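Enquirer: Residue numbers (numbering that gives the first Met the number 0): 0 to 245.
All C-beta atoms, glycine included, are put in the ideal place defined by N, C-alpha and C.
Please read these numbers as outputs of a predicted model, since none were measured by experiment.
Got a structure for you, questions after.
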Amino acid sequence: MELKNMFSNLNGNWVRWSDYRISDNHSVKYIMPSETATALPYSCTSAPEQMVVDALNLGKLVFEQKEDKDEVCLSFARKYGPLGVTSPVKSFLLRDGRDADNSAGGAAPVYSGIFAKAYGEPLERYQDTLSILYMHFLMVKGQTDKLSQKEQEQLRRQELTPEACGMNYRLTFGSPSQLVWEPENLLAVLKLSYALLITDPASPLKICKSCGQAYYNPNSRSEFCSVKCRNYYNIQVFRGRQREQK
Ligand SMILES: [Zn+2]
Numbered sequence: 000m001e002l003k004n005m006f007s008n009l010n011g012n013w014v015r016w017s018d019y020r021i022s023d024n025h026s027v028k029y030i031m032p033s034e035t036a037t038a039l040p041y042s043c044t045s046a047p048e049q050m051v052v053d054a055l056n057l058g059k060l061v062f063e064q065k066e067d068k069d070e071v072c073l074s075f076a077r078k079y080g081p082l083g084v085t086s087p088v089k090s091f092l093l094r095d096g097r098d099a100d101n102s103a104g105g106a107a108p109v110y111s112g113i114f115a116k117a118y119g120e121p122l123e124r125y126q127d128t129l130s131i132l133y134m135h136f137l138m139v140k141g142q143t144d145k146l147s148q149k150e151q152e153q154l155r156r157q158e159l160t161p162e163a164c165g166m167n168y169r170l171t172f173g174s175p176s177q178l179v180w181e182p183e184n185l186l187a188v189l190k191l192s193y194a195l196l197i198t199d200p201a202s203p204l205k206i207c208k209s210c211g212q213a214y215y216n217p218n219s220r221s222e223f224c225s226v227k228c229r230n231y232y233n234i235q236v237f238r239g240r241q242r243e244q245k
């Protein structure tokens, strides 16, 4: 099941900024629009499959603690805007137990409106959210050997927590009428899209046999994310056979 099959004429109103930076506020790192950035409204439901794949592959970088994970977070934000990891705003603790809103009077960037230039999302929370999404994907794909016992228990506990989907919507009077989704956060759109794709019996979300990246392909026989990966894999198999024969 895909969003476009579930809803015809669906538009998801969201805003991304043309550029993002990582800024430090009371020693907490935030992903924020750059000072010269311009707001770019777009429909976040027009290519949900690509958004899910990008989120999973970013989650993979975070999970594997790759050096370029912060830079890729900025690229993701430039493409899709804020995730809304703290929306609706509530006080929360960082991994080391500090309160993220340690500036007096609620002046931290999470307290600005989500589409404001002054709005920022804590980088740590942003990355943890995508890493957990990727860990769920590994679990479903049977790659549990990559997860520690503790991580698997953490995921099982989360399974029991109901997810709010934030489906605030309105219908237009046009012909045909359009369903306009006004999500509180992008995470609601991302998670619902992921949920629909990962539970699809055709299993269109796959892990490339060659490079290990997540990719989307509704063809049940697809095993590689690209022709390049398929060719590379076949050459490796061929060379392996040659070595065995020698
Ligand atoms: Zn690949």
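Can you give me the start and stop residues for the alpha helix (DSSP H) that P40 sits inside?
Expert: On the sequence shown, position 41 is the one that residue 40 refers to. Segment 38 to 42 is the beta strand (DSSP E) holding P40; no alpha helix (DSSP H) there.
Enquirer: Should A38 and F114 be called a contact, given that it needs their Cβ atoms to be closer than 8 Å?
Expert: Indexing the sequence shown from 1 puts residue 38 at position 39. Indexing the sequence shown from 1 puts residue 114 at position 115. Yes, these two residues count as a Cβ contact at 8 Å.
Enquirer: For the candidate residues N8, M0, L2, whose alpha-carbon lies nearest to that of L178?
Expert: Counting from 1 along the sequence shown, the entry for residue 178 is found at position 179. Nearest option by C-alpha distance: N8.
Enquirer: Quick check: the Cα distance between I197 and Y215, rounded to an integer number of angstroms?
Expert: Here residue 197 refers to the residue found at position 198 of the sequence shown. Here residue 215 refers to the residue found at position 216 of the sequence shown. Roughly 11 Å separates the two Cα atoms.
Enquirer: Is it the case that the CB of E223 approaches a heavy atom of ligand 1 more closely than 7 Å?
Expert: Position 224 of the sequence shown, counted from the start, is the residue given in the question as residue 223. The sequence given here places Phe at residue 223; Glu does not occur at that position. Checking every heavy atom of ligand 1 against the Cβ of F223, one is found closer than 7 Å.
Enquirer: Can you have a look at S130 and say buried or exposed, based on whether 16 or more other CB atoms are within 10 angstroms of its CB?
Expert: The residue given as residue 130 occupies position 131 in the sequence shown. Looking at its Cβ environment, which holds 16 or more other Cβ atoms inside 10 Å, S130 is buried.
Enquirer: How is E183 classed by DSSP in three states: helix, strand or coil?
Expert: Within the sequence shown, residue 183 is the residue found at index 184, counting from 1. E183 falls in the coil class under three-state DSSP.
Enquirer: Using the three-state DSSP reduction, which class does N101 fall into: helix, strand or coil?
Expert: Here residue 101 refers to the residue found at position 102 of the sequence shown. Only weak support is given to the placement of N101: the predicted model assigns it a pLDDT of 49, under 50, and the value that follows is read from those uncertain coordinates. Reduced to three states, the DSSP call for N101 is coil.
Enquirer: Could you spell out where the beta strand (DSSP E) holding K28 opens and where it closes?
Expert: If you number the sequence shown from 1, residue 28 lands on position 29. Here the beta strand (DSSP E) through K28 covers 27 to 32.
Enquirer: Taking the alpha-carbon positions, what's the Y232 to Y110 distance?
Expert: Working through the sequence shown from its first residue, we reach residue 232 at position 233. Working through the sequence shown from its first residue, we reach residue 110 at position 111. Their Cα atoms are separated by approximately 48 Å.
Enquirer: What are the start and end residues of the beta strand (DSSP E) that includes L204?
Expert: Along the sequence shown, one-based indexing puts residue 204 at 205. Segment 204 to 206, the beta strand (DSSP E) holding L204.
Enquirer: Quick one: complete beta strand (DSSP E) runs, 3+ long, within the region 112 to 164?
Expert: The qualifying runs do not exist here; there are none.
Enquirer: Checking 8 Å against the spacing of the C-beta atoms, do L159 and M134 come in under that value?
Expert: Position 160 of the sequence shown, counting from 1, holds the residue named residue 159. Position 135 of the sequence shown, counting from 1, holds the residue named residue 134. The answer is no: Cβ separation not under 8 Å.
Enquirer: In or out: M31 buried (at least 16 other Cβ within 10 Å) or exposed?
Expert: Position 32 of the sequence shown, counting from 1, holds the residue named residue 31. Answer is buried; the Cβ neighbour count reaches 16.
Enquirer: For ligand 1, I want to know if Q142 counts as a neighbour, meaning its beta carbon is within less than 7 Å of at least one of the ligand's heavy atoms.
Expert: Stepping through the sequence shown from its first residue, residue 142 is reached at position 143. No.
Enquirer: Tell me the DSSP secondary structure of L57 in three-state form.
Expert: Position 58 of the sequence shown, counted from the first residue, corresponds to residue 57. In the structure shown, L57 sits in a helix (DSSP, three-state: H, G or I).
Enquirer: Just tell me which of R229, G83, A76 has its CA closest to the CA of S209.
Expert: The residue given as residue 209 occupies position 210 in the sequence shown. When only C-alpha atoms are compared, the closest one is R229.
Enquirer: Following the continuous alpha helix (DSSP H) through D69, name the residue where it begins and the one where it ends.
Expert: Your numbering for residue 69 matches position 70 in the sequence shown. Where D69 is concerned, the enclosing alpha helix (DSSP H) stretches over 68 to 79.
Enquirer: What whole-angstrom Cβ distance do S17 and A36 have, given they're in contact under 8 Å?
Expert: Taking the first residue of the sequence shown as 1, we reach residue 17 at position 18. Taking the first residue of the sequence shown as 1, we reach residue 36 at position 37. Confirmed, Cβ separation roughly 5 Å.
Enquirer: What are the residues that DSSP puts in a beta bridge with A213?
Expert: Here residue 213 is taken as the residue at index 214 of the sequence shown, counted from 1. According to DSSP, A213 bridges with I206.
Enquirer: For Q212, verify whether its CB is less than 7 Å away from any heavy atom of ligand 1.
Expert: By one-based count along the sequence shown, residue 212 stands at place 213. True, at least one ligand heavy atom lies under 7 Å from that Cβ.
Enquirer: Return helix, strand or coil for S22, following the three-state DSSP convention.
Expert: Reading the sequence shown from its first residue, position 23 is the one you call residue 22. Three-state DSSP puts S22 in a strand.
Enquirer: Within the same chain, show all residues whose beta-carbon is closer than 7 Å to that of K262, passing over the 5 residues directly before and after it, in chain order.
Expert: Nothing in the structure corresponds to residue 262, since the chain is present only between 0 and 245.
Enquirer: May I ask you to verify whether the region 46 to 60 touches the region 116 to 124, counting CB pairs closer than 8 Å and requiring at least 3?
Expert: In short, these stretches do not touch, since the Cβ pair count stays below three.
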